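Enquirer:
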């Protein structure tokens, strides 16, 4: 058996042994949304990453490192409080293991969130951007290696990786809540260093509107498994060369925390609006 798939099955066996809950949607929480489950979900169960055999554990400060199971409105959701990043030293297979595991749990939709640097003209710190496309070729594809046929086909199409129908739901939720919402392309770089001004110039030429250190690889793995995907970035800072100030992680976190109430409402209203797709 493929080693990656064998590890995934062991993680799923741990979940089945400890949790009696079948989610229909999966939510990965980025910076600023770490306490989303505490305030916006009716929590039914919690599973710490340490209690899952072989599961990668986030080392980023502020990431709790656990799955939370419960309801957002009437929608059963599994929520990741703390994602794993490639820059932490994990293999890309480990980085996307949580995404694959949530699909095996039963989730049909993956809702990705993150904090990102703004590149799009006119952006400011605190903006929210719905992801309509991505550039993920600057980090290794999670599909490199022997294909796991049980998960998906060898050469999956990526033409519509962010589902257009889910985008309509997010737009509607933003309009009804009077929340300004930008749209654009997200580009993933490896990190953990922030980008140089020259790298940001390159990203802009390539068509990126925001840049970060996660998300695109998770979307690739989810698309491979047939999940519907949507995503929102919190523009926590203007990218290097655009902002006149040095980039500091603490300020990224402070901006994400400041915007969190609006971000949480948009995520909640969007998830409840997705009920017909689940």
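Numbering (the UniProt record's numbering), first residue to last: 1 to 278. Idealized CB from N, CA, C, for every residue including glycine. Note that the structure is a prediction, hence the values are computed from the model and not measured.
1. Looking at residue 267 and residue 40, is the spacing between their C-beta atoms short of 9 Å?
2. Would you tell me roughly how many angstroms separate the C-alpha atoms of residue 201 and residue 207, rounded to the nearest one?
3. Determine the contact status of residue 190 and residue 116, defining contact as a CB-CB distance below 9 Å.
4. May I ask you to list the residues that DSSP assigns as paired with residue 80?
5. Any contact of the segment 152-159 with the segment 10-19, i.e. 3+ C-beta pairs under 8 Å?
6. Identify every residue that forms a DSSP beta bridge with residue 211.
7. Determine the DSSP secondary structure at residue 107, reduced to helix, strand or coil.
8. Quick one: Cα of residue 68 to Cα of residue 19, how far?
9. Can you find a C-beta in chain B that's less than 9 Å from the C-beta of residue 51?
10. Since residue 54 and residue 82 should fall inside the 8 Å C-beta cutoff, what is the C-beta to C-beta distance between them, to a whole number of angstroms?
11. Sort out for me which residues DSSP pairs residue 75 with in a bridge.
12. Using a Cβ-Cβ cutoff of less than 7 Å, which residues in the same chain neighbour residue 239 once the five nearest sequence positions on both sides are dropped?
13. Rounded to whole angstroms, what's the CA-CA distance from residue 176 to residue 147? Just pull it up for me.
14. According to DSSP, is residue 91 helix, strand or coil?
15. With DSSP as the reference, label residue 22 as helix, strand or coil.
16. Assuming residue 135 contacts residue 162 (C-beta within less than 8 Å), just tell me the rounded distance between them.
17. How would you write the range of the beta strand (DSSP E) that residue 202 sits in, first residue to last?
18. Suppose you measure from the CA of residue 186 to the CA of residue 43; what does that come to, to the nearest Å?
Expert: By the coordinates alone:
1. yes
2. 10 Å
3. no
4. 28 and 67
5. no
6. 117 and 187
7. coil
8. 10 Å
9. This model lacks chain B altogether, as it is built from one protein chain only.
10. Between residue 82 and residue 54 the Cβ distance is about 17 Å, and since that is not below 8 Å, they are no contact.
11. 72
12. 117, 118, 119, 195, 200 and 211
13. 43 Å
14. coil
15. coil
16. Between residue 162 and residue 135 the Cβ distance is about 12 Å, and since that is not below 8 Å, they are no contact.
17. Unbroken run through residue 202 is the alpha helix (DSSP H), 197-206; no beta strand (DSSP E).
18. 31 Å
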